[in-house]
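Q:
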Amino acid sequence: MAESTEVSDLIPIASKTRTTQSCFQQCLYSVPNFQRPYSWSIDQLVDFWDDVILAKGDFFFGSTVTWVSEKRELFNDTYSIIDGQQRLTTSAILLSVVRDAFDKITHDFGSTDAAASLAAKNQSATTQKYLLVSDDDGEEHRVLERPEDMFYEIIQKPTAIPSGAQWNGSAQRIGAARAFFESKVLSELDGLSPDEQVERLKALRANALKARVIQVELASEEDGFLVFETLNTRGSELRLTDLVKNLLIRGGASDASDRGAISRRWERLISQVESTRGSTDTADRFIWQSWNSRRDALKEPELFKAISKVVAGSPRAHLAFLQELEVDAKTYQWLEDESVPAQSPQRGSRNPFAVPEFVDSVRALAIFNVSVANSTLLAVARKFSETTLITKTQLIDVVSLVEKFHFQFTALTNSGSTGGTRARYNRFAVRLEKASTRADVAAAIADLRDKLNASLPSRLRAREAFRALFYAPNLQLKQSQKLRARRIFIAYVLISFAKSRQLLPAGQTGESWSIEHIKPQSLATEGHDDPIYSIGNLALLTEGLNGNLGNGDYRAKLPALEAGSVYFDLELMRWKADGILVPSREDISRRAELLADEALDRVWGI
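Residue numbering for the sequence shown follows the numbering used here, starting at 246 and increasing by one per position.
1. Answer with buried or exposed for Ile287, where buried requires no fewer than 16 other C-beta atoms within 10 angstroms of its C-beta.
2. Is Ser620 closer than 7 Å to Gln534 when the C-beta atoms are compared?
3. Just to check my reading of the structure: Ile833 and Pro776 have Cβ atoms closer than 8 Å, yes? What is that Cβ distance to the nearest angstrom?
4. Using 10 angstroms around the beta-carbon of Gln280, count the other beta-carbons present and answer buried if the total reaches 16, otherwise exposed.
5. Where does His773 fall in DSSP's three states?
6. Report the residue from Asn537, Ser538, Thr335 whose alpha carbon sits nearest the alpha carbon of Phe426.
7. Measuring only the C-alpha atoms, how far is Asp823 from Ser745?
8. Measuring alpha carbon to alpha carbon, tell me which of Glu709, Gln270, Leu806 ends up nearest Tyr375.
9. Measure the beta-carbon distance from Leu622 to Val644 and round it to whole angstroms, keeping in mind my assumption that it falls under 8 Å.
10. What's the C-alpha gap between Leu749 and Leu785?
11. Give the straight-line distance between the Cα atoms of Phe813 and Ala805, rounded to the nearest whole angstrom.
12. Grab me the residues of Glu648's own chain with a C-beta within less than 7 Å of its C-beta, minus the 5 sequence neighbours each way, in chain order.
13. Pick out whichever of Thr658, Phe304, Leu826 has its Cα sitting closest to the Cα of Ser703.
14. Please name the residue, chosen from Phe734, Pro765, His762, Gln747, that lies closest to Gly754 on a Cα-to-Cα basis.
15. Taking all protein chains shown into account, do 16 or more other C-beta atoms lie within 10 angstroms of the C-beta of Glu709, making it buried, or fewer, making it exposed?
16. Between the beta-carbon of Leu306 and the beta-carbon of Ala456, is there less than 7 Å?
17. Taking only the alpha-carbon atoms, compute the straight-line gap between Glu444 and Glu385 and give it to the nearest angstrom.
18. Short check: CB of Ile459 to CB of Ser308, under 7 Å?
19. I'd like the span of the alpha helix (DSSP H) that includes Thr371, first residue to last.
20. What number of angstroms, rounded off, separates the C-alpha of Leu646 from the C-alpha of Val585?
21. Over what stretch of residues does the beta strand (DSSP E) that includes Gly307 continue unbroken?
22. Return the residue from the list Asn596, Arg540, Asp529 that minimises the CA-CA distance to Pro546.
23. Taking the C-alpha atoms as reference points, what is the distance between Ser553 and Gln721?
24. Considering only their Cβ atoms, is the gap separating Ala717 from Ser779 smaller than 7 Å?
25. Return the chain-ordered list of same chain residues with a C-beta closer than 6 Å to the C-beta of Glu678, the five sequence neighbours on each side being excluded.
26. Find the nearest neighbour of Asn321 within the set Lys550, Lys349, Asp345, Leu389, judged by alpha-carbon distance.
27. According to DSSP, what are the bridge partners of Arg263?
28. Please determine, among Glu807, Leu845, Thr527, the residue with the shortest C-alpha to C-alpha distance to Gln578.
29. Leaving out five residues before and five after Ser253 in sequence, what residues of the same chain have Cβ atoms less than 7 Å from its Cβ?
30. With H, G and I counted as helix, E and B as strand and the rest as coil, what does DSSP make of Arg830?
31. Quick check on Asp328: does DSSP put it in helix, strand or coil?
32. From this set, Gln726, Ser759, Leu803, which residue's C-alpha is nearest Gly772's C-alpha?
33. Excluding the 5 residues preceding and the 5 following Asp394 in the sequence, name in chain order all residues of the same chain whose CB lies nearer than 6 Å to its CB.
34. I need the boundaries of the alpha helix (DSSP H) containing Thr404, first residue and last residue.
35. If contacts are defined as beta-carbon pairs under 8 Å, then Asn283 and Ser415 qualify, I think. What distance do you get, rounded to the angstrom?
36. Just list the residues that DSSP pairs Phe715 with in beta bridges.
Here you go:
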């Protein structure tokens, strides 16, 4: 039954009550280029499974908002989806799992239960018709067309030749949803006979197909843009990324092919920033931090309104803002990556990631789990890439200041709130962005140094925290201990000492290094407080050298230590001069204190 209403004088709306089955039988759907990616989390999938697939009766699935983007006389029309694509996509994913479960029954019982095998084969074909259909000319149509290649290749037509396309964040979430439903469906079939499995799958499919929706149908794509924005003002859970994408595509061009080009550029930059991160809010955070690296800082909820004002009334301004994001995405993709590689320098290019010292500091901040400084990292990388106002030495100086500050403030002492720290980095980033002379750049860096130095934790607190560092790879640790006892963090500390004495060049990742307990771990009798695990008993070696040391004493290990790049501090030199074979508790404690003083005075001193 159809109803027609008018929500405003500008946007005519028609609505129809449908089941998911009639949606997939009578309509084709496409996800328009301004739409958000697939974003359902495990919690939402659990609700879908419990409320829809295990439902005792009909389930009202809410509304979908669409417009007819392609009409056909003798076949189903295509509806572009403005709202509701997450639900329709999830239903399709579930149906693909049911189809494959029918296929498994056919395969597993073809020779032992012909009737059940045939029934499953027929039911698989029936299920497939909700995913792919053919018109009277035999032309194949996707019931739901999405931009991810894997959606067609895995969900809709698993016999298709794979494209080899890399899965972006949306594709990964679709894959995670499919894996979730596979585990649920297999659990439902466990212990059942072939006939019972067929009937159970039919029941699960029936629940998915009889869920009811109200399909709201608009008259045009322009109405779709407007309604998409209106949904946000009325409490729909649209992310900042969804809204900015819609804004830029709508305002950047009016021609369909141009809008498609903007959409593809958007998807590339989002894939770039999500490539090393799994969180669904990564893109939102990137847009926010990119903005705060160029302009006065805003809180994230205020950002969309501000972006709308910046691009208002001009397609050129929309494209300029998109280009800003594309520039920053090239840097942002590597931030918070513990194994970010140094890149090869190219003649005529000022690439900060071809500067090993810059890469070392970026990697260190990822190891510390610090993202609060991203606005400063974006700003300094951009200034170095786009101008000659900042030198290579100054580039290194800025990121080194940030690294040294957070080694003490975050990694060692886990000090306080990041609100004031974030504001400090935002102010520096904007000041650097506006700097038009080398003197402006130098003054901004000097001010940052003063501000960070004034905000360091107390020396006593930082010193005690450093002395307490340990490495006990075979012990069960509390969550609060794990960050500072990770192999990658302790290796970073030891590498930093060696680099500070020019014993190692910049660009060391720690992957080829091993941590040696000078007094063997086998002698430990206590928990992580045993001096054997202390920073005062640790040295850095290559994997090959470490493998040959076993449980030897200090004298036996000296040749390997001296052959490597170990920094021989005054205590290690004293142990050698005094002929110490096995360092005592007091020896280890003295070395830990010495290293703590060196760390704060020299290696990580601002």
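For every residue, glycine included, the Cβ atom is placed at its ideal position computed from N, Cα and C.
A: Based on what the coordinates show:
1. exposed
2. yes
3. 4 Å
4. buried
5. coil
6. Thr335
7. 26 Å
8. Gln270
9. 7 Å
10. 11 Å
11. 12 Å
12. Ser606, Ala609, Leu610
13. Thr658
14. Here residue 754 is Thr; the residue named in the question, Gly, does not match the sequence. Ranking the options by Cα distance to Thr754, first place goes to Phe734.
15. exposed
16. At residue 306 the sequence reads Phe, which differs from the Leu that was named. Taking 7 Å as the Cβ cut-off, Phe306 and Ala456 qualify as a contacting pair.
17. 29 Å
18. yes
19. 359-373
20. 19 Å
21. 305-315
22. Asp529
23. 51 Å
24. no
25. Arg539, Ala624
26. Leu389
27. Val458
28. Thr527
29. Model confidence at Ser253 stands at a pLDDT of 44, short of 50, so the residue's coordinates are unreliable and nothing is read from them.
30. helix
31. strand
32. Gln726
33. Ser408, Ala410
34. Counting along the chain, Thr404 falls outside any alpha helix (DSSP H), and DSSP gives it neither H nor E.
35. The displayed chain sequence assigns Tyr, not Asn, to residue 283. 5 Å between Cβ atoms; contact.
36. Ser779
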